[in-house]
Structures are given as structure tokens and as C-alpha cells.
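There are 4 protein chains.
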Amino acid sequence: MSGSTFGKIFQVTTWGESHGKALGVVVQGCPPGIELNEAILQKALDKRKPGHGSTSTKRKEPDTPQILSGVFEGRTTGTPITIMILNQDAKSHDYSNIARIFRPGHGDITYLAKYGIRDYRGGGRASGRETAARVAAGAVAEAFLRQYQICVETVTLEIGGVRAARIDREFASTNYLECPDAEALLLIEQRIDAVKKEGDSLGGVLEITARNVPAGLGEPVFDKLDADLAKALMSIGAVKAVEIGAGCKTSQMTGFENNDQIIPSKPEFDKICDIVGVSITSNSDDIITGFETNNSGGILAGISNGDDIVARVHIKPIPSILKEQMTVDINGNPCPVSTQGRHDICAIPRINPVCRAMVWLVIADHLLRQKATASL
Amino acid sequence: MSGSTFGKIFQVTTWGESHGKALGVVVQGCPPGIELNEAILQKALDKRKPGHGSTSTKRKEPDTPQILSGVFEGRTTGTPITIMILNQDAKSHDYSNIARIFRPGHGDITYLAKYGIRDYRGGGRASGRETAARVAAGAVAEAFLRQYQICVETVTLEIGGVRAARIDREFASTNYLECPDAEALLLIEQRIDAVKKEGDSLGGVLEITARNVPAGLGEPVFDKLDADLAKALMSIGAVKAVEIGAGCKTSQMTGFENNDQIIPSKPEFDKICDIVGVSITSNSDDIITGFETNNSGGILAGISNGDDIVARVHIKPIPSILKEQMTVDINGNPCPVSTQGRHDICAIPRINPVCRAMVWLVIADHLLRQKATASL
Amino acid sequence: MSGSTFGKIFQVTTWGESHGKALGVVVQGCPPGIELNEAILQKALDKRKPGHGSTSTKRKEPDTPQILSGVFEGRTTGTPITIMILNQDAKSHDYSNIARIFRPGHGDITYLAKYGIRDYRGGGRASGRETAARVAAGAVAEAFLRQYQICVETVTLEIGGVRAARIDREFASTNYLECPDAEALLLIEQRIDAVKKEGDSLGGVLEITARNVPAGLGEPVFDKLDADLAKALMSIGAVKAVEIGAGCKTSQMTGFENNDQIIPSKPEFDKICDIVGVSITSNSDDIITGFETNNSGGILAGISNGDDIVARVHIKPIPSILKEQMTVDINGNPCPVSTQGRHDICAIPRINPVCRAMVWLVIADHLLRQKATASL
Amino acid sequence: MSGSTFGKIFQVTTWGESHGKALGVVVQGCPPGIELNEAILQKALDKRKPGHGSTSTKRKEPDTPQILSGVFEGRTTGTPITIMILNQDAKSHDYSNIARIFRPGHGDITYLAKYGIRDYRGGGRASGRETAARVAAGAVAEAFLRQYQICVETVTLEIGGVRAARIDREFASTNYLECPDAEALLLIEQRIDAVKKEGDSLGGVLEITARNVPAGLGEPVFDKLDADLAKALMSIGAVKAVEIGAGCKTSQMTGFENNDQIIPSKPEFDKICDIVGVSITSNSDDIITGFETNNSGGILAGISNGDDIVARVHIKPIPSILKEQMTVDINGNPCPVSTQGRHDICAIPRINPVCRAMVWLVIADHLLRQKATASL
């Protein structure tokens, strides 16, 4: 109810403030017997850690996860898994100057409106640091889903208006910005350097792809798989738009252009055969996909169709900038503000593992939901 | 859990299939003492009814709502409000020909994969008819929120790739497509006629604006106001992308361009004064807004800031088309399909009241959530 | 949140008032493919119907259930099942005299305190008529659980202080009071007649037994199987105490007396073998039960152990009596009250199917919860 | 869903095993601005600590609570409050001998049946140590409810079959067993000594009273205040029966005996006046209560009536005893067992603060639920 819990069966509750003693997550509903240890979590957290490149904050946090409960002799027991990360490099004095003003683009003013009190240190609960807990939780979901061969990938399509012209996933895996186009990467790096000098910041666009998601996940009406993905991704602070499949483009297509024509396919139909329990003999063995295109992003009527799940998120520029802005203080008097703290220039690439984590969580939850009531 | 319930306190559960006996909704958590009757619901339902113009199905449904519970002597009692709409013009035989094939762009194949059984008549539970129940529920939320002077509006920005160049809300209120630009309207109508002749269909873009929403609504982390709006809107069958505020555009802005500078403002600050319980004297009386721009769409860190809430949805073209498409039957054999049923050409304008209803529901729920734990 | 929903996965929402147009229930989370029709529901409802004997109201309600959604060609589809029962013999004028007073033992005063408004006709939402919806929902759960050979039985242990000295379940099944002792039955019937003449009413004690419930149902800590049974049964208006297994008596036993000694047992251990996936060879084949006694009521640490689930409920006398009582009117003035409506003398036997229904619902929900996360 | 979360708005999630690194609780939905610090929590936890008298385990746990989040400058911020208690005296080797057997009366066998894996050290998640987290959470609820003058008390009515003949609450507050009768106390202590020598254990009966609970709390139908109290109390491991008000006795009363006659009363009616917003003039000022008796336990139709909330719980004897018992090992072979660990002889008095904590949690949650939708 108070907004820090996500999921119905595979359910995570994050807690903690940017400059409190610790932050963490309680994971409930993870099936028993899953291999889990701190090294698995650390590997995921390392990808979110600052300090990888030119876009990143100078705050040094090792983000060392401690598993406090729910794991016995290296395996999950079915009881709540609590993961804690101590805050180590929390320089509260950095933020004393913003205790009495509202930073543009931040939640300072809305948290005060909501609660009448706010932990102003580093954004408190609204800080991007909270996403470390999501990444840890996502790693638990990933550990559980490994047995299904599901994988979740991201690729950076655009930063600061510079768009990748080609998608070379192998190249993307070799550069810290996850950019799939070597030429675009050069331009993006130039753009980042220029904006950094101006004391300004940048946004971008990410694409997330989930492969091998079984058909049948997602619930009719409100808890459609795409609806839950939209919520999961929009709940990440910097995200301002979410597209599924062809997304915004579908509004300009005709029905014939947008509909993914259905063609016989061994793998997809075998999956459906298994579920339905009917024996289907298709005429051809050499056909690769059950749908000619994937404008739907792998989701029909809110339920996965066995094809790749595809979503895109549009990320706003980091609101904390050195460049002077106009604001008011808590007495309502106008005053200038320039944020001197340790901030990223762009949420990409640190937001990429957070997006992946949210998609892992959605899939884990919907897979268990389907398991609960499937007729098998 | 099974996906037909939305909201935590102001909570609605829709039920019913396209060609079953009836469909409806149970509204829980509506405060007692609110004026409610069938005429109020009918007024809202009439805006979703087919038959308004060239885009619409020929199915004739009066959509007469019956209040079965929760209202006594014209006022809500605080107990569950059940609203039922009987299905009258349900021609099941229209659909017998599609009982054994999967229509492209529809949930036929995914419902079967999920459940191993499906009510194939008119899309069953996946039918757009389900949204009548949402509109009725939204009308209950609207009746409750009237006391707060909140209003929710929609405007059609685009159909079939033709975009409105100007936003004349008064003009929009005079045409059934809610198009705010007379010139664009002409082009849109031509486009609709042309596509109809080809047996094809169209999508479009809508903007939803909620005014007078108090600051402080929305919960941190997962249940951000924008996250819940994204889920609410993406849960509407035809929606494939959701933007908040400047949305997709924010990814190309710098932080300085995107941040809404904060300026002293009587109304916004008076609201915050009231909530915080501090007396604030601002220097000037003649300033109109607390934020110079509204790229945030009225939401900062997931919590409303007192400005207009703005969202845009991208709507895919209706998947049911006369034009012949490729598909397979339930034996996996390829076959052509041409949908002969009674279908809309474009989800706009019938989807507009559905989008408004979902926004009403989100606001009603978050207002009650804030009321529950606010420190006042 | 507003209290009319029960269960997490197999989830029911009842709605409707005693003298409204209709009452009913929405059942969500019922697996697809289960055989269901109105005759199955009617059979269950008939057992709750008034008019079976000397304890019962004279109100005539056929309680004819209509399935409005979620069933197609005689089988559940996995979508919400809505069941409606029209109120036919609702004589509102019977209750006009109590519109302005608070009946002792009733919710009149508390509903007004809570809501500031109340539907005073026949108890409104607080009426025992609401339990018809529970019985219908319980019949859906029973239909689903039939495949597991689970059965739920009740037996009347006591009415008006007269206790059954022996448990003859066959005899119990032949008399409308479900009394398992022929001698006690005679005394009970005499007691009922005497109390009826005085314009007073009686309570009693019921025992509920669920057989063939698999081991492993129930969740640690708060959602223990016994905790959810206690809530389920205490949520029935007339129930004032709930015992599990040896219940109240355990407080007077020593640990050695109360602990159920564990003995090798083919059936119980085979079940555990299956779940654990280990091959266990027990030394003897002729042992009947895995536990020497069943003081635990089939639940250890909140989780079913494969033995019979046993609960007892203590039922208060019907509060509506002809005998004159003291009360106040809505102006706070003292006044006498004598309830002339059509009321039962004792909630037994009409409450018996309601208790069974609540136990069906708890088991169905916990079975699906276990199915969702079991490691198999 | 996985059972470790309680409450809808004031919502607590406990986590941790008996012999893991730590245990704790996340409290969500606590209103902002409430004074809270570790000293407040420690005071509550000290009452549950072992070592107070002859009934108690020898395990030494300081139970030092650490607030990790949700509190800023000594006040709650409205965000999740995480409280952690490190396990210090966790002697895992004590339990190695029970790793391969099932202790009678314990969850060893059911946890294995449920999960196929179990943390056998000290009962793991099923250990009574989990209740430390409940007590800490209850202290947060108490801190919030202080402003309403609500208080929650317990008194020990019976241990080992010896019943208090008189209720002297002042005397009860001076002895560690909370026994309200000096004579009974002597007999109880003799009984405890005798049973201890036999290597056996005892149960008992507690009464919980909540005063100054406003009228109007509790929701109709399933989430009745008494239903939620029954669940809350039955979720405590040792509790086997729950009574509300006159409880078991009501089944032997007539309606006239059981109904609490309503009489004009200043305080109760003023409360209702306030809520309803009507001006009621009662005829007399010198009447103390609105109800002549309190057989209802302060709850009518599931909603509080302004009178004291009264519940009783029946507590089974501690299952861990020195006396030799029969059981089987994980291979299904019979074997004797004698539990040598550090265990209490009787759950009373350490269970008393746990019962109070659960009642605090129920009231806090229902008060916020009422606040959310009350018409005021």
C-alpha cells in the first residue's frame, strides 16, 4: 500500500534512504531450492555501480550485499530473503546546503507536500540509490528463472539525441554505454563531453528484450503483461515513456501493417501443444518463427505469445546539474540553485541493469501466477 | 491476482465476456454518502457507446447500467457497489467461423495457450466490451472526486498519422472525434474513408489532462503516480505506448531544458503551506504557476506537484479487418482470414472515455491512499 | 481493502444487501476447465435455504443462482465467475419500524458510527443473507477441489447447552440439525420449542472436519492455515470463538499429553516422499496413521500435516428476538424493542454449509498458493 | 502472498530465522511525523526477552533493535521503517542432533513437506524468535496510536489448569507471570516447578483488552475486526483457540442473555455524534457505559462499538520437552527424541507482549483503513 512493494507472488519490498544506515530488499515468494549466494548478487550489483565511465558520479559505494535470511546452505528455503547493503560513502554534509531549497526536477517539493517532513540527504527515499535494492532483487529472480533459459538483455538506442543506426549486440557488450553502433558511440561520447563542460546533463533511449519467455504469461484486463511492464519500468525515476513492441509507431500504421501474421512454426506450436495438451502436426519443419513480424512485442491481449518480449524506455536527463537554475526556498522566496553534489551526467548506462531487473521481476511474478492456476 | 482487479483502496473488479449474459463491475472502497444513480452512469456510458460516427461498429448495445448493491436512497453506503450491464445484441453465430482459427493481432492464440480453453465469441474476456465496465466504474470515481473540483479531459492529437497542428479544446468538444484542429479533422475523415474502403483500420494518439489534482498524491518507489497511470492506460487493449509530460521528447533534452524551473506561486504554495502547516509569505501576488513549464506532466519523483497531470497514449489500429490476412487454424494448418464481424475502424473516439475512466480511477485510489496515512 | 474480498489467489468478493435488488459473488483465480453449472450451485444453496425446520425464518427465498460470466460450455474459463441471486421475498416494510432504533446485538449502531449512513432494511450488508454468496463461492471451490478427493464435513456438537454425547456421523446426516446423537437431538428439539415460546433464541457449537488435505498447505508466520481458518470462520457473523484441534483443552494439557507422537505410516510418508523426492522404506505396513493422536487438528507450525483438519466454532444465539429489550433510538432516547421480523431461532443448521464453504475457500486458496511456489 | 506480511495499510513484513544472521521487520504505511527511536523499541522488546523467571529459556539474546530506514531526526518519514535484530547467541551445534528427525508438535515435518528443504537450526523460520520482530512492529503501532489514548493490556487467566479466581490488574502488573490473583499465582508456581522436574511443559489462557478504541473500526463481511483479531492471534505459534467477548460461553446463552442492552451514554454517544455529525441530547449525564454488558467484546457485526475490545487466547504447552517421545527420522524409521535445547516451560509470560503487539497492529491498520474512506 505504501508503494515500496512490487509483485503479487514473487514479491519484493525495497527499503532505505540514500544516506541512512543501509538499504535493502525483502524478497518473498521465491521458490525453495534455488542456488543463491552473495557472489551472485555482487555480480549483478557491480553492473550498476558508479565509476564505469564519463557519465558517472564520483560517490564510491562498494554495494556489498549481505543475505540476512531465507538462504540455508547456499539454497533458498522458501521464506523471506532479506538482502542488506550498508551505505558507506554517505557524505551528509554535501547536502546541508539543499536542506532548505527545492531542486528543480527533483522530489524535494513533492515529498514535503506529501509527508510534511523529508529526509533531504541525497534525495532520501527518492534517490537513485534505491535501485541497488531492485538490482539485487532482480538477481534473485534471474537465479530462479535460469532453469527456464529465459534471458533479458538491454541495448542503448540513443543518448542526447544521437541514435544508433545499427544494432550490433556483440559490439554493445564491449562498451560501457551498451551502444550497439561504433559510429554513434563516438558522437555520443563527444556529446557527453560537451554537455559535461556546460554543467548540464543528458537523457536517452533503451531497448529491453526478454527471450524464451513461455507463452501464456500475463493476466487479462488490468494485469496484462504489458501493463505490468509499463508500471515496472515507469516506476524507475528517470523513465518518462514506455513503448511495447512497435510502440509509438503503431499509431501511424494500418491494421494490416501492424498485425503480426501468424505462420506455422515448430517451436512456438510445440509450446502451445504442450500447454493445451493436444497433438498438433504442422506441415513444415523449416520455419523459424510463429509470427512473421513482432510489432506486438511478444504480447497479444496482455498475454505472452512465445515471441521475444520487447520494450523501450525514454529516459529524461539527470535533474541535478551544475548550471544555475531558478527555484524557491522553503519560505517561498526565489533563489538560484546549482547542484554541486556527486552526480551522473546521464542515467545510462547505470539504469540499464535496473531496467533488466524490473523485467526479471515482472516475468518471475507472472510465471508463478501462471503456475498457480494453470490447468495442468 | 487473476488480473481483473485494479486499485488498492478505491478498488474495481470488472467481470464478463463479450457474448455472455452480462458484464459489470464491483466497486469497493468508495466513501459513503456520495450521490449516485443510474442516470449518472448512463451519461458516462453513452460516450463510449458505438454508433457515433464513421469509425464505429454496427453492434447495437444500449449499455443500460443497473446498480445492484451499495447504494441506498441515492447515496453510496460504503459497501460494494455492483453495476451490471446486460448483453443484448450478442450475435454468437457471427463468430462461429473463427472458433477454430487464431485472428492476427488478437488474443485468440494467447488465451488458448494460457488457459487451454477459450470463449471465442467476440473475443470473450479480451473484447473491448469489457471497457464498458471500466467506464461505469470511472463514473463512480468521478462522482466521488467532484467535491475536489478535479476534472479529467482528453483530446485526440492524431489519427492515421494526421496530427493536429493546434489545440482548440472548444472545437474538440464539438466533434465526435475530439479533434482539436478543424483542418486536421478534414484530413482525418478523408483518411478514415479511404482506409475503410480498403477493409483496413487506423490508430492514433490521445492526450489526457487531469486538472486540480492536489499535490502529494502517488507513493514513492513502485506505486508512483506515473507508474500507476502507465499501468492503467497500458491495460487498455489498444494502447502500445504511454508518455508522461514531455515523455519521449525528454530523452533528447538536456537537464536544463527539461527541468521545470520553480517560481513563487500563490496557489501551489498555499496548498503546500496548508499541508505542511507553515505560514509562507511570497513576495509577489501576480504569478500564475509554481512551475515555469510542465515537462514533468505534474509529477515529480512519482508524486503530484499540484500542476496539471498530462499523459499521452499511442493507440494501435483495430486488429479486426476485412482485408485478408495469413494465419493458422487450431490444427496448425495455414489458412487465410478476413474478419467479417461488426468492428470499429479506429479505437478513437470510443477509447477516449475509457482512458479518462482509468485516470479517474488512479486519482481516486491515490487520493484515498494519501488520506489514509497523511499526517494531518 | 473494504473487507468484502477473501483469499489471495482463489479470491472471492461478495456484494449485496439483504433487501437490495440482488446479491452475489465474483470468484477470481478459479483454474480453467472445471465443470460448473447452476445445478451444482443450487444444490449447495439449497442446504442453506430457510424453511427446513423449527429453527428457521419464514422468509421464502428460492436462492436461484445465475452464472453471469466465467463459464463457457459448462466449464470455467479462468476469468472471473460472477454468480447473482435475485432478492425476491424482500419485504422492506417489515423493517420500517427499526429504521430509527438500534437493535441490541446487531450492527445497526456500528454501521452508523462507521459510515454515517446505513441501509437499515433487514440488516443491509450485515444480514445473514450475504452468506448465500459465500455458499455459492464455496461450491465453486468444492468443484475445483473434487479432483483431490478432499471433503469437508460438519457436525453439530451442541445447541442451547445440550451436548451430543456420541458422534454418529451417519445419524447426523439424517436429521436437519446435523446432530450426531439421537438422544441429544430429542433434548435439543425440546429446548428449541421452549425457547421459541419465550420469544428468545439459542446458540451452539459446530465441528468442521476436512479430510484428504495434502500436507504442505499454509504459509509460515501470518498466513498459517489455522490463522486463515480462524479468520474465515470468525468472519461469519454469529461465530464468537474458534478452536483448532484440541483447541481450548490444549491450555490444560502438558506438552507430553498434547504433542501428537509421530509413528511410521505408509500413506503420510509416501506423500512426503513424493514431495521431497526421496525414497523412504518404512519397516511396517500395518500402521494406520502418521500421528498417534490429532490434537494439532492436522496443522503443525501453520502447515497441514496430512491428517484431518479439525476446527470448532462457537455460535452465539440469534440477536433478533421477540422478547422485549432495552435500547435507544437515533436521538439517544431510551426505548423498548421487540423484533417482529422473520428470523431464525438458531443459526444452526443454516450456518453449517456456510462454515463448510469458508473452509473450502481456505483450502482452495492455500492449495493454489502452494502450487505457485512449490519447488516441483 | 508468502505469508510473512500482515495488514493492508499499516503493513508489517517480518523476516529471519532463529539461527540466521539477523531477523527483523519492515513496517510500511506508518504515518509520517511519529516520534520513534531505538529506546522505544528496546523497552517493548525487553518484555519479551527470556530470562525473567522460572518458565524461560536460558538463551541470552539482548534483542538490540537497529532502525535502518524510515526515521529521520527522531521522527518517521512515511517511508518503510526497517528494524533489524542481530542473532548473537545462536548456538547452531545445539541443533545438529535434530537435523535428521522430526520433533513432535513442531513444524519440522510440515516445513519439509512444504518446501523439500528446511533450516533445522532452532526451528528456523518457525521459531518463536520470529515474534521479536512482531513486538518491534507492535511498538511502532503503539507509538502511532498513542495520540488516540488507546491502550492494550493483557492478563494471565490460567496456567497449567490453575485459574485465577479474581482479576486484580494491579497485582498482575507486579508479577512476571501477569497473574491477577495472588493465591492462584502460588499454585501456578508450584505446578510449574513440578512439571519442570518431569521434563514436561505447560499451557495457559490469556485475556487481551484494548481500551479507547474508537467506534467504527473493522470492515463488513470478511475483514471484520474480530476476524482480523482471530487471524492475528491464531498466527502466533502456540495459540490454539481464540474467543471474542463472552466467546465460547455465548453458545450456551439465549439471545436475551447474550445481547448487550443499549443504554444512553454520554461518552459513546458523543463519539457517534461526532462521527455522524448529528447533535444528540441524551437525558442523563450520570450513565457510564453505552452497553449494559460487554458480551460482544466491543464488536458488533465486525465493527467496534466504542466499548473495550476483549479477546482470549488458549495457549498450548511448549512442544519441546526433555521427556522422551516417539518419532521417526527422515528415513521413516521410528526413534525416541528428548529435546535438550534451551526452551521455555510455558509460553506465558513471553507470549503476552506478542499478543499485545498483534492487537496493536490490527487496530493501527483498521484505524488507517477507516481514515481512508470515512466520509468526514
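Residue numbers (this note's numbering), protein chains in the order written: chain A, 451 to 826; chain B, 451 to 826; chain C, 451 to 826; chain D, 451 to 826. Just so it is clear, CB atoms sit at the ideal spot from N, CA and C, and this is done for glycine as well.
Any C-beta of chain D under 7 Å from that of residue i
i: Lys438/B; result: For residue 438/B there is no data in the structure shown, the boundaries of chain B being 451 and 826.
i: Ala575/A; result: It is worth fixing the name first, because residue 575/A is Arg in this sequence and not Ala. Cβ-Cβ to chain D under 7 Å: yes for Arg575/A.
i: Ala666/B; result: Checking the sequence shown, residue 666/B turns out to be Gly, not Ala. Chain D contact via Cβ: absent.
i: Trp810/A; result: no
i: Leu817/A; result: no
i: Ala586/A; result: no
i: Met776/A; result: no
CA nearest to the CA of residue i, picked from the options
i: Ile609/B; options: Gly466/A, Gly705/A and Ala814/A; result: Gly705/A
i: Met534/A; options: Ile617/D, Leu473/D and Ala593/D; result: Leu473/D
i: Val476/A; options: Ala807/A, Thr464/A, Tyr561/A and Asn487/A; result: Thr464/A
i: Ala824/A; options: Asp618/B, Ile567/B and Asn755/B; result: Ile567/B
i: Met703/C; options: Thr743/D, Gly666/D, Ile642/D and Lys471/D; result: Ile642/D
i: Asp584/C; options: Gln775/C, Lys499/C, Pro630/C and Phe522/C; result: A small correction: the amino acid at residue 584/C is Arg; Asp does not occupy that position in the sequence shown. Nearest C-alpha to Arg584/C: Lys499/C.
Residues bridged to residue i [DSSP beta-bridge criterion]
i: Arg525/A; result: Glu485/A and Phe522/A
i: Arg661/A; result: Cys601/A
i: Pro786/C; result: Met776/C
Min CB distance residue i to chain B below 7 Å
i: Val663/C; result: no
i: Gly479/D; result: yes
Residue i Cβ short of 6 Å to the ligand ADP heavy atom set
i: Phe741/C; result: Looking at this structure, you won't find the ligand ADP or any other ligand, since it has none at all.
Residue i burial status per 10 Å Cβ neighbour count (16 or more: buried)
i: Glu592/D; result: buried
i: Lys510/B; result: exposed
i: Thr624/C; result: exposed
i: Arg596/D; result: exposed
i: Lys527/A; result: In the sequence on display, residue 527/A carries Thr and not Lys. It is buried - the Cβ of Thr527/A has at least 16 other Cβ atoms within 10 Å.
i: Arg619/B; result: exposed
i: Leu817/C; result: buried
i: Glu580/D; result: buried
i: Asp676/C; result: buried
i: Arg571/B; result: buried
i: Leu486/D; result: buried
i: Leu636/B; result: exposed
i: Asp496/A; result: exposed
i: Ser546/A; result: exposed
7 Å Cβ cutoff, residue i in contact with chain A
i: Thr823/C; result: yes
i: Ile459/C; result: yes
i: Cys601/B; result: no
i: Phe552/D; result: no
Min CB distance residue i to chain C below 7 Å
i: Pro515/B; result: no
i: Asp757/D; result: no
i: Glu467/B; result: yes
i: Leu691/D; result: The question names Leu, yet the displayed sequence has Ala at residue 691/D. With 7 Å as the cut-off, Ala691/D counts as an interface residue toward chain C.
query = Should the segment 678-695 of chain C be called in touch with the segment 738-756 of chain C, which here means at least 3 C-beta pairs below 8 Å?
reply = yes
message = I want to know whether the segment 655-669 of chain C touches the segment 805-823 of chain C - three or more CB-CB distances under 8 Å.
response = yes
query = Are the segment 707-715 of chain B and the segment 550-559 of chain A touching, with three or more C-beta to C-beta distances below 8 Å?
reply = yes
message = With three or more beta-carbon pairs closer than 8 Å as the criterion, would you say the segment 665-677 of chain C touches the segment 793-801 of chain C?
response = no
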